[in-house]
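Asker: Residue numbers (the working numbering): 2 to 248.
Attaching a single structure in C-alpha cells format; questions to follow.
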Ligand SMILES: [Zn+2]
Ligand SMILES: [Zn+2]
C-alpha cells in the first residue's frame, strides 16, 4: 500500500503546498484522510481512476481539511456517476450545509445519497472494509465549540496514526492517547499549534517507527530541523507528493 501527501500546509496554502490531505492506496482502492487539497484535480493529473475512490475521512470541519471535498463531490454527483463513496464529516450541520451546497451546485438536484453516503464520525471504529479499518479518537483542537479528531488507520498489517489538529500548546495533552502504548509504522503529527519543544517528549516516548511532521507552521521549522538531528526517532517533514510505500 502507498500513502501520498497531497497537501501538507496548515490553514493557508503556500507556493509549494496545498492544505492538509493524504491519499492512501490499498490495492486499487483509494482513501483520503482530510481533503484540504484540490483532490479531484490532483487525481485527474495523476491519472487515477475516480471509480476507485472509496472513502473520505475528515478530522474536523476547518476549511484547510475539507475544502477539496466540495469540488470532487460536485463532480461525483453529476459527472462521475459510477462512483460510490463514504464520506465522514464531523458535524451534523456541516452535512446539512454540504448537501444543500451540492444541490445548488447541480441545478437544484440533490446528490444521490445511495452513492454519496455522508456519515457523522464519532469516537471508535467508524469504517471497516476488506482493506482498511478506521478508528477516530477525539482531540481538543476546537475546544468545546466543535468536534475534532485524530485517526488511526490499520491496513495490510500496518498502522498509521494521524494526530489530527490538536489544542494550542498541547494544553489538553491531546496527542493520540495510544501513542506510547500501540506500535505504529508511522505517526503523522501536526506542528502548527505547538512547537517541537512542546511535543518532543511525546515523540520520544512513542512506539512509532517513523514520524512525519506535517501542517507545520513556518516559524516552527528551524527548531524542528535542529531537534531531528539529535532525536532517537526518525523524524521527517512532509512535502506535497511525498510518497511512503509500505511493503
Ligand atoms: Zn488545520
Ligand atoms: Zn483546524
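Just so it is clear, CB atoms sit at the ideal spot from N, CA and C, and this is done for glycine as well.
Please read all numbers here as calculations on a predicted model, not as lab measurements.
Whole angstroms is fine: what's the gap from residue 252's alpha carbon to residue 17's?
Answerer: Residue 252 is absent from the model: the chain starts at 2 and stops at 248.
Asker: Which residue comes first and which comes last in the beta strand (DSSP E) that contains residue 250?
Answerer: There is no way to answer for residue 250, as the model of the chain reaches only from 2 to 248.
Asker: Just to confirm, is the Cβ distance from residue 6 to residue 243 under 7 angstroms?
Answerer: Position 5 of the chain shown, counting from 1, holds the residue named residue 6. Position 242 of the chain shown, counting from 1, holds the residue named residue 243. Yes. Within cutoff.
Asker: Can you list, in chain order, the residues of its chain with a C-beta nearer than 8 angstroms to that of residue 104? Leave out the 5 residues immediately preceding and following it.
Answerer: Walking along the chain shown from the start, residue 104 turns up at place 103. If we look at residue 104 and ignore the five residues flanking it on each side, its Cβ neighbours are 110, 111, 112.
Asker: Rank 57, 114, 55, 124 by C-alpha distance to the C-alpha of residue 1 and give the top, closest one.
Answerer: The structure shown does not extend to residue 1, since the chain is modelled only from 2 to 248, so the question has no answer here.
Asker: Compute the distance between the beta-carbons of residue 185 and residue 162, then report whether it is under 7 angstroms.
Answerer: Against the chain shown, residue 185 aligns to sequence position 184. Against the chain shown, residue 162 aligns to sequence position 161. Yes, the Cβ-Cβ distance between residue 185 and residue 162 is below 7 angstroms.
Asker: Assuming residue 55 and residue 130 form a contact by the criterion Cβ under 8 angstroms, report the distance between their Cβ atoms to the nearest whole angstrom.
Answerer: Taking the first residue of the chain shown as position 1, residue 55 is located at position 54. Taking the first residue of the chain shown as position 1, residue 130 is located at position 129. Right, the Cβ-Cβ distance comes to about 7 angstroms (below 8 angstroms), so this counts as a contact.
Asker: Here's the rule I'm using: 16 or more other beta-carbon atoms within 10 Å means buried, otherwise exposed. How should residue 207 be labelled?
Answerer: Here residue 207 corresponds to residue number 206 of the chain shown, with the count starting at 1. Buried, since its Cβ has 16 or more Cβ neighbours within 10 Å.
Asker: My guess is that residue 41 and residue 76 are in contact by the Cβ rule of under 8 angstroms, so how many angstroms apart are they, rounded?
Answerer: Here residue 41 corresponds to residue number 40 of the chain shown, with the count starting at 1. Here residue 76 corresponds to residue number 75 of the chain shown, with the count starting at 1. Sure, about 6 angstroms apart at Cβ, within 8 angstroms.
Asker: Taking the beta carbon of residue 98 as the centre, do at least 16 other beta carbons fall within 10 Å, making it buried, or is it exposed?
Answerer: Start at 1 with the first residue of the chain shown, and residue 98 comes out as number 97. Exposed, because fewer than 16 other Cβ atoms sit within 10 Å of the Cβ of residue 98.
Asker: Over what stretch of residues does the beta strand (DSSP E) that includes residue 188 continue unbroken?
Answerer: By 1-based counting over the chain shown, the position of residue 188 is 187. 185–192 is the span of the beta strand (DSSP E), which, as asked, contains residue 188.
Asker: In whole angstroms, what separates the C-alpha of residue 74 from that of residue 86?
Answerer: Start at 1 with the first residue of the chain shown, and residue 74 comes out as number 73. Start at 1 with the first residue of the chain shown, and residue 86 comes out as number 85. Their Cα atoms are separated by approximately 9 angstroms.
Asker: Are residue 38 and residue 67 touching if we call contact CB-CB under 7 angstroms?
Answerer: One-based indexing of the chain shown puts residue 38 at position 37. One-based indexing of the chain shown puts residue 67 at position 66. For residue 38 and residue 67, no; Cβs fall outside 7 angstroms.
Asker: For residue 53, which option in 60, 138, 30 has the closest C-alpha, if you only look at C-alpha atoms?
Answerer: Position 52 of the chain shown, counted from the start, is the residue given in the question as residue 53. Residue 53 has its Cα closest to that of 30, out of 60, 138, 30.
Asker: Going by CA-CA distance only, name the one from 224, 187, 183 that's closest to residue 195.
Answerer: Reading the chain shown from its first residue, position 194 is the one you call residue 195. Here the closest residue by C-alpha is 224.
Asker: Only counting runs of 3 or more residues, tell me where the beta strand (DSSP E) segments fall wholly within the region 20–73, in order along the chain.
Answerer: Entirely contained in the region 20–73, the beta strand (DSSP E) runs reaching 3 residues are, in chain order, 22–27, 30–36, 54–58.
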